[in-house]
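Enquirer: Per full-length UniProt numbering, the sequence shown starts with residue 1, numbered consecutively.
C-beta atoms are modelled at their ideal positions from N, C-alpha and C, and glycine is treated no differently.
Treat the numbers as computed from the prediction; the structure is a model and nothing was measured.
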Amino acid sequence: MIRPYLMLAKNIAVSNFTRVFAPYKLTYAITYRCNYRCKTCNCWQRKPEDELTFDEIKKFFIKSPHFSWIHLTGGEIFLRDDLYEVIHVMLETCRNLLLLNFPTNGFLTKRIVSTVEKIAALGPPKFFITISMDGDETLNDEIRGVKGGWRRQIETFQQLHEIPGINVALGMTLSPYNAGQFERTFEAAQRECPWMTYNDFHVNIYHTSYYYGNESLKLSVKENEQLIQEIEKYRTLRGMKLHPISYLEYSYLKHVAKYIRTGRTPIRCHALRSSCFMDPMGNVYPCSMYDRQLGNLRDSGYAIRPLWDAEESKQVQREIWNYHCPQCWTPCEAYQSILGDFLQFG
1 MIRPYLMLAK
11 NIAVSNFTRV
21 FAPYKLTYAI
31 TYRCNYRCKT
41 CNCWQRKPED
51 ELTFDEIKKF
61 FIKSPHFSWI
71 HLTGGEIFLR
81 DDLYEVIHVM
91 LETCRNLLLL
101 NFPTNGFLTK
111 RIVSTVEKIA
121 ALGPPKFFIT
131 ISMDGDETLN
141 DEIRGVKGGW
151 RRQIETFQQL
161 HEIPGINVAL
171 GMTLSPYNAG
181 QFERTFEAAQ
191 RECPWMTYND
201 FHVNIYHTSY
211 YYGNESLKLS
221 VKENEQLIQE
231 IEKYRTLRGM
241 KLHPISYLEY
251 SYLKHVAKYI
261 RTGRTPIRCH
271 ALRSSCFMDP
281 MGNVYPCSMY
291 DRQLGNLRDS
301 GYAIRPLWDA
311 EESKQVQREI
321 WNYHCPQCWT
331 PCEAYQSILG
341 DFLQFG
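(1) Please identify the residue among E56, V256, D81, I87 whose C-alpha is closest to the C-alpha of Y335.
(2) In angstroms, rounded to a whole number, what distance separates the CA positions of I231 and W308?
(3) Going along the chain, which unbroken runs of the alpha helix (DSSP H) with 4 or more residues stay wholly within the stretch 2 to 82?
(4) How is S274 classed by DSSP in three states: helix, strand or coil?
(5) Could I get the ranges of all uninterrupted alpha helix (DSSP H) runs contained in the stretch 86 to 149, with 4 residues as the minimum, in chain order?
(6) Note the first and the last residue of the continuous beta strand (DSSP E) segment covering A169.
(7) Report yes or no: do three or more beta-carbon pairs, one from the stretch 202 to 211 and one from the stretch 166 to 183, lie closer than 8 Å?
(8) How about E187: is its C-beta nearer than 8 Å to some C-beta of chain C?
(9) Is DSSP giving N214 helix, strand or coil here?
(10) Under three-state DSSP, which class holds C328?
(11) Sorted by chain position, which residues of the same chain lie with C-beta nearer than 6 Å to S251's C-beta, five sequence neighbours on each side aside?
(12) Let me check understanding here. Comparing Cα to Cα, which of R37, T31, N167 lies closest to K47?
(13) In this structure, how does DSSP classify G263 when only helix, strand and coil are distinguished?
(14) Please classify G346 as buried or exposed, where buried requires at least 16 neighbouring CB atoms within 10 angstroms.
(15) Starting from the C-beta of R37, find all residues in its chain whose C-beta is less than 8 Å away, skip the five residues before and the five after it, and write them out in chain order.
(16) By Cβ distance, which residues of its chain are closer than 7 Å to R3, with the 5 residues on each side in sequence left out?
(17) Suppose you measure from the CA of A13 to the CA of G295; what does that come to, to the nearest Å?
(18) Considering only the alpha carbon of each residue, which of R298, I320, I119 lies closest to N101?
(19) Measure the C-alpha to C-alpha separation of C328 and I228 and round it to an integer number of angstroms.
(20) Report yes or no: do three or more beta-carbon pairs, one from the stretch 59 to 71 and one from the stretch 302 to 320, lie closer than 8 Å?
(21) Using the three-state DSSP reduction, which class does Y177 fall into: helix, strand or coil?
(22) With DSSP collapsed to three states, give me the class of I163.
(23) What does the alpha-carbon distance come out to for the pair H161 and F342?
(24) With the cut-off set at 8 Å, would you say F54 and D82 are in Cβ contact?
(25) Taking the C-alpha atoms as reference points, what is the distance between Y290 and C325?
(26) DSSP state of N199, grouped into three classes?
(27) Please report the Cβ distance between S288 and V221, rounded to the nearest whole angstrom; I am assuming they are in contact, meaning their Cβ atoms lie under 8 Å.
(28) On a CA-only basis, which of F60, R111, C94, W69 is nearest I77? Give me that one, please.
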């Protein structure tokens with residue numbers, strides 16, 4: 001059981017000095033299908049065409065078993081009927097997998113809880129789930145476009161909280177739609193879940209990108225001092241525990257203000273140095289923010305290394321390293337960047 005920890009520590013150490021031999025973190029959007037209609041995201045408008053089949057996903061993980069950290073996302077991942085089977089394959093093939101995490105909108109309570117119970121029974125080493133929540137009942141349902149959504153999200157949170165072996169939290173994306181509403185959102189959730197503390201509530205900031213399909217939305221967090229003040233207050237209330245995840249979240253929040261004020265990534269990004277992003281069709285990108293396709297698994301024999309080792313990928317990584325990219329501060333990319341800059345950053 002110690003080997004996954006050692007492999008992740010080794011990759012993090014290497015990434016402080018150079019590019020790792022293969023990505024240790026994968027962000028994989030397993031489907032773009034979604035049953036919500038969020039104002040901040042247009043994923044649900046994408047047609048779910050030509051997504052990788054279960055057999056193709058299995059081939060991929062058999063040929064790319066080196067991941068220490070897998071972040072599944074969507075769309076709403078529980079709309080895939082084979083989600084449990086996919087995660088089972090991941091755990092069987094990626095013997096050094098230490099961290100598995102994913103978000104859910106929490107609406108399909110019965111399906112989510114039953115699937116998570118089966119996943120937890122497989123014994124993933126570190127298993128984290130975040131349930132999205134963008135306001136109190138009225139505001140959340142308005143932003144997320146589904147009446148009754150908040151109530152379902154709370155029910156899912158309550159039931160997942162009872163399952164041993166997983167870490168579950170609520171997650172709020174701060175945007176111009178809900179700026180100034182964190183405290184009210186937290187208090188509404190805590191009334192339903194009295195055990196909650198600030199450490200059970202995670203916060204990130206709104207972004208636009210091709211992945212979210214929201215590039216046409218005239219929304220921005222840049223130069224939004226209200227968001228900065230709110231995040232600083234939350235960071236103070238939350239504090240930092242002696243725990244790696246707590247350190248990552250605290251460090252992420254610490255540098256949000258710089259990103260909001262400048263529009264620039266606060267530290268050097270580790271996309272294509274430590275990690276990469278894959279969409280439901282098997283297209284590989286540096287990250288979820290940069291629409292720079294590097295190839296497709298169907299053309300690389302379902303292995304990631306041919307795409308990772310290609311000269312184009314190395315060139316794009318150098319460009320990103322020198323800030324020639326869209327510039328973001330999303331946890332999907334920030335966390336491995338914080339770890340990879342630890343010797344300078346920490």
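Expert: If we stick to the structure as given:
(1) Residue numbering aside, residue 335 sits at position 335 when the sequence shown is read from its first letter. Of the listed residues, the one whose Cα sits closest to Y335 is V256.
(2) For the purposes of this step, residue 231 is taken as the residue at position 231 of the sequence shown. For the purposes of this step, residue 308 is taken as the residue at position 308 of the sequence shown. Those two C-alpha atoms are separated by around 36 Å.
(3) 2 to 15, 54 to 63
(4) Locating residue 274 in the sequence shown gives position 274, counting from the first residue. Here S274 sits in coil by DSSP.
(5) 109 to 121, 137 to 144
(6) In the sequence shown, the residue the question calls residue 169 occupies position 169. Note, A169: beta strand (DSSP E), 167 to 174.
(7) yes
(8) The chain inventory of the structure shown lacks chain C, comprising one protein chain alone.
(9) Working through the sequence shown from its first residue, we reach residue 214 at position 214. In this structure, N214 counts as coil in the three-state DSSP scheme.
(10) Along the sequence shown, read from residue 1 onward, the residue named residue 328 stands at position 328. Of the three classes helix, strand and coil, the one that applies to C328 here is coil, per DSSP.
(11) In the sequence shown, the residue the question calls residue 251 occupies position 251. Contacts found: I338.
(12) The residue you call residue 47 lines up with position 47 of the sequence shown. When each option's Cα is compared against that of K47, the closest is T31.
(13) What you label residue 263 is simply residue 263 of the sequence shown in a count that begins at 1. The answer is coil: DSSP assigns G263 none of H, G, I, E or B.
(14) Locating residue 346 in the sequence shown gives position 346, counting from the first residue. Annotation note: pLDDT 45 at G346 (below 50); position unreliable, coordinate value reported separately. Flag for G346 reads exposed.
(15) Here the question's residue 37 lines up with position 37 in the sequence shown. Excluding sequence neighbours, R37 sits near W44, R144, G145, V146.
(16) Residue mapping note: residue 3 aligns to position 3 of the sequence shown, counting from 1. N96.
(17) The count along the sequence shown starts at 1 and reaches residue 13 at position 13. The count along the sequence shown starts at 1 and reaches residue 295 at position 295. If you take the alpha carbons of A13 and G295, they lie about 28 Å apart.
(18) By 1-based counting over the sequence shown, the position of residue 101 is 101. Looking at the Cα atoms, I119 is the closest of the given residues.
(19) Here residue 328 refers to the residue found at position 328 of the sequence shown. Here residue 228 refers to the residue found at position 228 of the sequence shown. If you take the alpha carbons of C328 and I228, they lie about 16 Å apart.
(20) yes
(21) Along the sequence shown, read from residue 1 onward, the residue named residue 177 stands at position 177. Looking at Y177 - three-state DSSP - the assignment turns out to be coil, as it is neither helix nor strand.
(22) By one-based count along the sequence shown, residue 163 stands at place 163. Here I163 sits in coil by DSSP.
(23) Your numbering for residue 161 matches position 161 in the sequence shown. Your numbering for residue 342 matches position 342 in the sequence shown. So the two alpha carbons sit approximately 32 Å from each other.
(24) Position 54 of the sequence shown holds residue 54. Position 82 of the sequence shown holds residue 82. Cβ atoms of F54 and D82: closer than 8 Å.
(25) As a position in the sequence shown, residue 290 is number 290, starting the count at 1. As a position in the sequence shown, residue 325 is number 325, starting the count at 1. Distance between the alpha carbons of Y290 and C325: 7 Å.
(26) Your numbering for residue 199 matches position 199 in the sequence shown. Three-state DSSP puts N199 in a helix.
(27) The residue labelled residue 288 in the question sits at position 288 within the sequence shown. The residue labelled residue 221 in the question sits at position 221 within the sequence shown. Actually they do not touch by this definition, with Cβ atoms about 16 Å apart.
(28) As a first step, residue 77 is located in the sequence shown; it is residue number 77 there, counting from the start. It is R111.
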